[in-house]
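Residue numbers (the numbering used here), protein chains in the order written: chain A, 1 to 245; chain B, 1 to 245. Backbone N, C-alpha and C fix where the C-beta goes; we use that ideal spot for every residue, glycine too.
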DNA sequence: AGGGCGGCTTGATCTAGATCAACCCTCGCC
DNA sequence: GGCGAGGGTTGATCTAGATCAAGCCGCCCT
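Listed below in structure tokens is the structure:
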């Protein structure tokens, strides 16, 4: 269990659970109400700050689900494997996202840090107890779960019905939007993952991802500053490719 | 708004929200606790029973999200469309499943009855108010959302990385498990949807679905009693095809 | 009774993307 | 300074599944 370094007490450990939800859409939904100081204190009392080095696992599919995490810095990939090694990355998580929520005894997927990553860790049992006492917390989690579910459905559309080019463009716009929504400058867009991760996220091979990038570059739709920095040159044209209008 | 016939008062309208969660896994999770009589009464007071004829829409993507539904009979498909008509079915919902939960102002997908279907309908605003007063309800919804999320991740694995044969077999096992979990006899498995729906769920064409069925039949892995009745002849062999072991 | 339509199957052909195979570049290491 | 490994790109070829096309069957309709 010493996969990662732990900081306790969590003096400067800001969890997105405590602060207002910055990923919410326009609507002033109850789930986004911030916690009061006492609730913040109780939540803080069970959470631990954790630092993870690049490419280190956080947990594996089928591990006992003992903790729930909230990403507060860096980026995380979550994925599932088939016995023969085929991999599907089901999500890239950025600050504010949740990790490890389940009602089963074991995690349903594996999670690994992409770069240096900071997490807030909550013992699951204690968090569940707190949920009973602080309904606002539960509302917040439900709100995030419903966001994730909508994103998962978009991803099913992408994986089931979109062409390679549409997938890559959708992905670039997604990364751009994600960065903007979190208040970062999205020009150029920074891709914290490598080609292999992108391929396994989009249901393609690394060769196809690479070819599609160069195709978009020769069409002057994007500019590749380096392998991880992309400038979106014609956002409207890209949006049309991704969504059909 | 007269897309479907409405029965009110809901004398015999049993919502899964009221009765214990029959889709839960073994663990005795708090979210599965049944409601007390008073809570049941308050929930019943805002719900309406709705009957839907086969192939009738329940709502469309981008419609204002005014109601939340709970399937109590029949079956529902939910799907997303691209402007050019490509379709991805993101789920088949059976009794006990939820429909229309979102934190946006509009639905994120379209929903349509597969066969004759019964729903419990809740005005969304009223349900949200009730959530504030009955935390147990929120727990229940969170539990269902986390189940759905896990299913969505399995589906991403299927769509992104599995072969046509693996997809079809996974689908058959899924339908079989779904029926068993709901206490129905799963031999033969009844498929309430047509080939086109199966294809759009699995990210294939109807031709490929059809060919794969006949391939499985000639390999004596399944028996097709008719187009909608399938007998799984070698469950272990099928399971190995679907999951790799 | 006939005809047309919708759902399904089957066959022939095509193609987007996978696979196989080089090759390049950077970086760390001896 | 050489060299080996890992990540990325590019080219040649292959193939699973899409597409195009035909035919079958049950059912409704007049």
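Check for me: the alpha helix (DSSP H) holding residue i runs from which residue to which?
i, result
"residue 272 of chain B", "This structure leaves residue 272 of chain B out entirely; chain B is present only between 1 and 245."
"residue 54 of chain A", "Residue 54 of chain A -> no alpha helix (DSSP H), and no H or E assigned at all."
"residue 213 of chain A", "206 to 218"
"residue 160 of chain A", "135 to 161"
"residue 121 of chain B", "Per DSSP, residue 121 of chain B belongs to no alpha helix (DSSP H); it is in the beta strand (DSSP E), 117 to 123."
"residue 243 of chain A", "235 to 243"
"residue 246 of chain A", "Because chain A here runs from 1 to 245, residue 246 of chain A falls outside it and cannot be looked at."
"residue 43 of chain B", "37 to 46"
Using a Cβ-Cβ distance cut-off of 7 Å, determine whether residue i contacts chain B.
i, result
"residue 213 of chain A", "no"
"residue 218 of chain A", "no"
"residue 135 of chain A", "yes"
Is residue i near residue j, with beta carbons less than 7 Å apart?
i, j, result
"residue 212 of chain B", "residue 165 of chain B", "yes"
"residue 255 of chain A", "residue 96 of chain A", "Any answer about residue 255 of chain A is impossible in this case: the structure gives chain A only from 1 up to 245."
"residue 169 of chain B", "residue 242 of chain B", "yes"
"residue 71 of chain A", "residue 35 of chain A", "no"
"residue 51 of chain B", "residue 118 of chain B", "yes"
"residue 106 of chain A", "residue 62 of chain A", "yes"
"residue 161 of chain A", "residue 161 of chain B", "no"
"residue 221 of chain A", "residue 230 of chain A", "no"
"residue 80 of chain A", "residue 114 of chain A", "no"
"residue 157 of chain B", "residue 98 of chain B", "no"
"residue 55 of chain A", "residue 121 of chain A", "no"
"residue 209 of chain B", "residue 199 of chain B", "yes"
"residue 148 of chain A", "residue 149 of chain B", "yes"
What residues of chain A sit near residue i, judged by a beta carbon separation below 7 Å?
i, result
"residue 142 of chain B", "138, 141, 142 and 145"
"residue 86 of chain B", "161"
Is there a Cβ of chain A sitting closer than 7 Å to that of residue i, yes or no?
i, result
"residue 244 of chain B", "yes"
"residue 21 of chain B", "At residue 21 of chain B, the pLDDT of 41 sits below 50, so the modelled position is not reliable; the number obtained from the coordinates is stated separately. No, because no Cβ of chain A sits closer than 7 Å to the Cβ of residue 21 of chain B."
"residue 8 of chain B", "With a pLDDT of 45 at residue 8 of chain B, under the threshold of 50, the modelled position of that residue is not reliable, and no figure is offered here."
Counting along the chain, where does the beta strand (DSSP E) carrying residue i start and finish?
i, result
"residue 73 of chain B", "67 to 73"
"residue 268 of chain A", "No answer is possible for residue 268 of chain A: it lies beyond the span of chain A, which begins at 1 and ends at 245."
"residue 79 of chain B", "76 to 81"
"residue 64 of chain A", "Careful: residue 64 of chain A lies outside any beta strand (DSSP E) and carries neither H nor E."
"residue 91 of chain A", "87 to 93"
"residue 181 of chain A", "Premise fails: residue 181 of chain A lies in the alpha helix (DSSP H), 164 to 181, not in any beta strand (DSSP E)."
"residue 232 of chain A", "229 to 232"
Mind listing the chain A neighbours of residue i? Cutoff is C-beta to C-beta under 8 Å, in chain order.
i, result
"residue 150 of chain B", "102, 104 and 108"
Which residues in chain B have a C-beta closer than 7 Å to the C-beta of residue i? List them in chain order.
i, result
"residue 174 of chain A", "None at all; the shortest Cβ gap to chain B is about 14 Å."
"residue 155 of chain A", "156"
Where the region 109 to 132 of chain B meets chain A: residues whose CB sits under 8 Å from a CB there: Along the region 109 to 132 of chain B, going in chain order, the ones with a CB nearer than 8 Å to a CB of chain A are 109, 128, 131 and 132.
Members of the region 191 to 205 of chain A near chain B, C-beta cut-off 7 Å: 203
Just by C-beta distance, which residues in the region 72 to 84 of chain B are closer than 7 Å to chain A? Flagged, chain order: 80, 82, 83 and 84.
Could you run through the region 88 to 100 of chain A and flag, in chain order, every residue whose CB is less than 9 Å away from some CB of chain B? Under the 9 Å Cβ criterion, the region 88 to 100 of chain A contributes 88, 89, 90 and 91.
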